[in-house]
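Q: Keeping their order, the protein sequence lines are chains A and B.
Add 257 to the 1-based position in the first sequence for the working numbering, that's all there is to it.
Add 851 to the 1-based position in the second sequence for the working numbering, that's all there is to it.
Where is the CB? At the ideal position from N, CA and C, for every residue including glycine.
Handing you a structure now.
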Amino acid sequence: MLDIKSLSASIDGKKILNGFNLKIKPGEVHAIMGPNGSGKSTLANVLTGKNGYEIKGQVLYQGKDLLDLPIEERAQKGLFMAFQYPLEIAGVNTNNFLKTSLNTIRKVRGQKEVDSLDFLKLVKTKTKNLKIDEKILSRQLNVGFSGGEKKKNEILQMTILEPKLAILDETDSGLDIDALRIVSDGVNALRSKERSFLIITHYQRLLDYIKPDFVHVLVDGKIAKTGCGELAVELEKVGYEKMGANK
Amino acid sequence: MKQQELEKSKEYKYGFTTDIESVRAPKGLNEEVIRFISKIKKEPEWMLSWRLKAYSRLKNVKEPNWQKPKYPKIDYQNLYYYSAPKSAQDKPKSLDEVDPKLLETYAKLGISLKEQEKLSGVAVDAVFDSVSVATTFKDKLTEKGIIFCPISEAIQKHPDLVKKYIGSVIPITDHYFATLNSAVFTDGSFVYIPEGVRCPMELSTYFRINASETGQFERTLIIADKGSYVSYLEGCTAPMRDENQLHAANVELIALDDAEIKYSTIQNWYPGDENGKGGIYNFVTKRGACRGKNSKISWTQVETGSAITWKYPSCILQGDNSVGEFYSVAITNNYQKADTGTKMIHLGKNTKSKIISKGISAGHGDNTYRGLVRISSKAKNSRNYTQCDSLLMGNKCGAHTVPYIENKNSSSIIEHEATTSKISEEQLFYCNQRGLNQEEAVSLIVNGFCKEVLQQLPMEFAVEAQKLVGISLEGSVG
Chain A
258 MLDIKSLSAS
268 IDGKKILNGF
278 NLKIKPGEVH
288 AIMGPNGSGK
298 STLANVLTGK
308 NGYEIKGQVL
318 YQGKDLLDLP
328 IEERAQKGLF
338 MAFQYPLEIA
348 GVNTNNFLKT
358 SLNTIRKVRG
368 QKEVDSLDFL
378 KLVKTKTKNL
388 KIDEKILSRQ
398 LNVGFSGGEK
408 KKNEILQMTI
418 LEPKLAILDE
428 TDSGLDIDAL
438 RIVSDGVNAL
448 RSKERSFLII
458 THYQRLLDYI
468 KPDFVHVLVD
478 GKIAKTGCGE
488 LAVELEKVGY
498 EKMGANK
Chain B
852 MKQQELEKSK
862 EYKYGFTTDI
872 ESVRAPKGLN
882 EEVIRFISKI
892 KKEPEWMLSW
902 RLKAYSRLKN
912 VKEPNWQKPK
922 YPKIDYQNLY
932 YYSAPKSAQD
942 KPKSLDEVDP
952 KLLETYAKLG
962 ISLKEQEKLS
972 GVAVDAVFDS
982 VSVATTFKDK
992 LTEKGIIFCP
1002 ISEAIQKHPD
1012 LVKKYIGSVI
1022 PITDHYFATL
1032 NSAVFTDGSF
1042 VYIPEGVRCP
1052 MELSTYFRIN
1062 ASETGQFERT
1072 LIIADKGSYV
1082 SYLEGCTAPM
1092 RDENQLHAAN
1102 VELIALDDAE
1112 IKYSTIQNWY
1122 PGDENGKGGI
1132 YNFVTKRGAC
1142 RGKNSKISWT
1152 QVETGSAITW
1162 KYPSCILQGD
1172 NSVGEFYSVA
1182 ITNNYQKADT
1192 GTKMIHLGKN
1202 TKSKIISKGI
1212 SAGHGDNTYR
1222 GLVRISSKAK
1232 NSRNYTQCDS
1242 LLMGNKCGAH
1252 TVPYIENKNS
1262 SSIIEHEATT
1272 SKISEEQLFY
1282 CNQRGLNQEE
1292 AVSLIVNGFC
1302 KEVLQQLPME
1312 FAVEAQKLVG
1322 ISLEGSVG
């Protein structure tokens, strides 16, 4: 699914990722943990194609070079990111945004566009399954949403777009326990043999709900340690410093 | 989208010229030319003397210069004031007699006059340079007593109505361009809806400038008699030319007791090239009088074209309980400039007005909202709500809001809200990450921004306007 080979990324001359390697196979769930400033969000941004980074190295996505593709083409090919800080767009109705997004992606994939009525049915089922108040659909995109509502909206979008590889960038931060459960249920419901996840988080808490296949500890722009679920628990106990953060 | 297609779509789609033989008045502005126009239009004596009165006034007034967009001095003696396709000189009686070249022109603009007559429920008056070349659905409208015809025809056939109302909202003494128009106006539409009649279809005029070095002086007059209703829409395009061309229109609306007029504009005159060369000067006076009680006039405008747009569609709320509305989207991209807004003059009791203005600036575009809300001492319990929003794209464009409020009545309520926002890189990244390309993302955000205004358009045109908004801003990001 994803093969990252000695990836380096700098912003304004400052090196953030430094020889980062990672392989994700279809169906796998990888968690990346790390202290502030270790490069977690940079990794997500570089993979999705955000501007402003100087990049070296190679990333293969489904066997093809990812880094040359424009942002929207990566998305159209099934790469999704749940944003740490979802953007507010005034005037744009949430339902309309979701529908436009889904239909753009479907069109590129050669699928038929979903009409308004069918879409409404689909989105209503999904909100119900995710226990999200469907009122958010008629509101302006993320405008005036609480932190929890914004994150739930990200999960709703992920559920509707059915990506092949989903990156969750600190989706758990700032969530109360109920919202955390809704987010986790959303992810777990989407887990399948074909779909992979890259979950970026500060805390082990989320991994109580979403059981990862691998946990990586990111320190100073590269993976310092890799393990299974227990690694997260251990991290929580001893902190990042013991894991090689040379501070 | 492939690069080539993208380049293509960025061009002004309506920039072609129709090669057609035309009849012109001699170049320049003088009494002879005015007499020429009046004669070729077979006008009665009173119309000619009205024109001449305006012309003699014109010699003593100067062009206003308080507007934000400045322009090089216009040489009024170096313009043609009348240009018409030769074939349209004797007005064709039916569509079958219309010059195929003209029908083809309108078909290319997306208005198939022949099909329009059969299929859609929109009656169209097509104005080409200085003359109306065709009006559809005439018979069906006549059944209801509705008059929808070129104003030149109305002057001959319905002189009493024209005489009574022309210049009654925009007097010939109003200001330079209104006076100029009164002297040299050539064609435009005339609409009369009789008492109690609800016009069964959209009425629409399509203005096309074709000839070079020619000014277009449109004159439109719409009268809604007691208890009647009409929805009217105008569209405008012009060829791509290096010269600046002048379009100075006068539009007058009159709504009597309990009558309603909805007037929509989709203005897509040639905006000039990406370096600001060429384009139309759109200097227009539009004013409606809510003369009767409980009457209503609603202006909706989508202004995407023209090098300079300078207009204030206004409402004079004379009748008690009358309502005036102004919904506007103005887009300035590249080097386009706009100074637009409205005047709401409250004279009657319990009069209400609503102003929703959305200005979008991109490239080096400069956008000014200028508006006046005046509440007289007699306008008890009157209300105004104004909302002016500006959206900026990039860091070379400008947005300005200049609201004037004059209130002489303590029982009135006036509200004014204004915002300025910018499309951020982060917002675009978010949309891109959801599979939308740059243009689609901008179109989505911008259409969301001006949704309140676009919703006011008749359904047949709303989709078209949405697309136009997207196209006007293509190439403005990234």
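Can you tell me which of the three DSSP states alanine 266 of chain A falls into?
A: Strand, per DSSP.
Q: Between which two residues does the alpha helix (DSSP H) containing aspartate 1011 of chain B stretch?
A: Taken as a continuous stretch (DSSP letters only), the alpha helix (DSSP H) holding aspartate 1011 of chain B covers 1010-1016.
Q: Nearest to glutamate 330 of chain A by CA position, among A/Tyr318, A/Ala339, A/Gln341, is which residue?
A: Of A/Tyr318, A/Ala339, A/Gln341, the residue nearest in Cα terms is A/Tyr318.
Q: So lysine 1200 of chain B and asparagine 1235 of chain B are in contact, right, with Cβ under 8 Å, and what is the actual spacing, rounded?
A: Not a contact, Cβ separation roughly 14 Å.
Q: Mind checking if glycine 1286 of chain B is an interface residue toward chain A, Cβ cutoff 7 Å exclusive?
A: Answer yes: the Cβ-Cβ gap between glycine 1286 of chain B and chain A drops below 7 Å somewhere.
Q: For the beta strand (DSSP E) containing glycine 1086 of chain B, list its first residue and its last residue.
A: From DSSP, the beta strand (DSSP E) with glycine 1086 of chain B extends over 1080-1088.
Q: Per DSSP, which one or two residues make a beta bridge with proline 915 of chain B?
A: None; proline 915 of chain B has no bridge partner.
Q: Check the Cβ-Cβ distances between glutamine 1067 of chain B and every residue of chain A, and say whether any is below 7 Å.
A: No, glutamine 1067 of chain B lies away from the interface with chain A (no Cβ there is under 7 Å from its Cβ).
Q: Should the segment 1011-1028 of chain B be regarded as contacting the segment 884-893 of chain B, the criterion being three or more beta carbon pairs within less than 8 Å?
A: As far as the Cβ criterion goes, the segment 1011-1028 of chain B does not touch the segment 884-893 of chain B, which means the pair count is below three.
Q: Just verifying my parser: in three-state terms, what is the DSSP assignment at alanine 481 of chain A?
A: DSSP places alanine 481 of chain A in strand when its eight states are reduced to three.
Q: Three or more beta-carbon pairs under 8 Å between the segment 409-419 of chain A and the segment 350-364 of chain A, yes or no?
A: Contact holds: three or more Cβ-Cβ distances are below 8 Å.
Q: Which bits of chain B does alanine 288 of chain A rub up against, with CB to CB less than 8 Å?
A: In chain order: nothing, as chain B lies at least about 21 Å away.
Q: Would the segment 426-443 of chain A count as touching the segment 265-280 of chain A if we require 3 or more Cβ pairs under 8 Å?
A: The segment 426-443 of chain A vs the segment 265-280 of chain A: no contact.
Q: Since isoleucine 328 of chain A meets chain B, which of its residues come closer than 8 Å, beta carbon to beta carbon?
A: Going along chain B in sequence order, the residues near isoleucine 328 of chain A (Cβ under 8 Å) are Phe1280, Asn1283, Gln1284.
Q: Check whether the Cβ of glycine 1321 of chain B lies closer than 7 Å to any Cβ atom in chain A.
A: No, no contact with chain A.
Q: Going along the segment 317-344 of chain A in order, which residues come within less than 9 Å of chain D, judged by CB to CB distance?
A: The structure shown contains no chain D; its protein chains are A and B.
Q: In whole angstroms, give me the CA-to-CA distance for isoleucine 261 of chain A and proline 343 of chain A.
A: Distance between the alpha carbons of isoleucine 261 of chain A and proline 343 of chain A: 26 Å.
Q: Can you pull the chain A residues whose beta carbon is under 8 Å from the beta carbon of glycine 1139 of chain B, in chain order?
A: Here the premise fails: no neighbours, minimum Cβ distance about 28 Å.
Q: So, using beta-carbon positions, are aspartate 426 of chain A and alanine 301 of chain A closer together than 7 Å?
A: Against a cut-off of 7 Å, the Cβ pair of alanine 301 of chain A and aspartate 426 of chain A comes out as a contact.
Q: Of all Cβ atoms in chain A, is any one closer than 7 Å to the Cβ of lysine 1302 of chain B?
A: Lysine 1302 of chain B counts as touching chain A.
Q: Comparing C-alpha positions only, which one of A/Asn353, A/Lys392, A/Ile393 sits nearest to threonine 374 of chain A?
A: As written in the sequence, residue 374 of chain A is leucine, which differs from the threonine given in the question. Residue A/Asn353 is the option with its Cα nearest to leucine 374 of chain A.
Q: Give the secondary structure of alanine 1099 of chain B by DSSP, where H, G and I count as helix, E and B as strand, and everything else as coil.
A: Three-state result, alanine 1099 of chain B: coil.
Q: With DSSP collapsed to three states, give me the class of cysteine 1282 of chain B.
A: Helix at cysteine 1282 of chain B.
Q: According to DSSP, glutamine 319 of chain A sits in a beta bridge with which residue or residues?
A: Bridge partners of glutamine 319 of chain A: none, in fact.
Q: Contact criterion: CB-CB distance below 7 Å. Does lysine 504 of chain A meet it with respect to chain B?
A: Only weak support exists for where lysine 504 of chain A lies, its pLDDT of 40 falling under 50; the value from the coordinates is given anyway. Chain B contact via Cβ: absent.
Q: If serine 1212 of chain B sits next to threonine 1183 of chain B, beta carbons under 8 Å apart, how far is it from one beta carbon to the other, in whole angstroms?
A: Confirmed, Cβ separation roughly 5 Å.
Q: Compute the minimum distance between the beta carbon of asparagine 1172 of chain B and the heavy atoms of the ligand ZN, and state whether it is under 6 Å.
A: By its list of ligands, the structure shown contains no ligand whatsoever, and the ligand ZN lies outside what it can speak to.
Q: Report buried or exposed for leucine 492 of chain A, applying the criterion of at least 16 other Cβ atoms within 10 angstroms of its Cβ.
A: That one is buried.
Q: Is glutamate 1277 of chain B close to chain A? Criterion is C-beta to C-beta, closer than 7 Å.
A: Judged by the 7 Å Cβ criterion, glutamate 1277 of chain B is in contact with chain A.
Q: Within 8 Å, do at least three Cβ pairs link the segment 1093-1110 of chain B to the segment 984-1000 of chain B?
A: Cβ pair count under 8 Å is below three, so no.
Q: If we cut at 7 Å on Cβ distances, does serine 358 of chain A have a partner in chain B?
A: Yes, because at least one Cβ of chain B sits closer than 7 Å to the Cβ of serine 358 of chain A.
Q: So which residues of chain A does glycine 1299 of chain B contact, with C-beta pairs closer than 9 Å?
A: The contacting residues are Ile346, Ala347, Gly348, Val349, Asn350, Asn353, Phe354, Gln397, Leu398.
Q: Taking the continuous alpha helix (DSSP H) assigned at asparagine 302 of chain A, which residues delimit it?
A: Run containing asparagine 302 of chain A: 297-305, per the alpha helix (DSSP H) assignment.
Q: Spatial neighbours of serine 1263 of chain B within its chain, please: C-beta separation below 8 Å, excluding the five flanking residues on both sides.
A: Closer than 8 Å at the Cβ level, and outside the excluded window around serine 1263 of chain B, lie His1197, Ile1226, Ala1230, Lys1231, Asn1232, Ser1233, Arg1234, Asn1235.
Q: Can you confirm whether the segment 1036-1043 of chain B touches the segment 1064-1076 of chain B when touching is taken to mean that 3 or more C-beta pairs between the two stretches lie within less than 8 Å?
A: A contact exists between the segment 1064-1076 of chain B and the segment 1036-1043 of chain B.
Q: Do you know offhand how far glutamate 883 of chain B's Cα is from proline 936 of chain B's?
A: So the two alpha carbons sit approximately 21 Å from each other.
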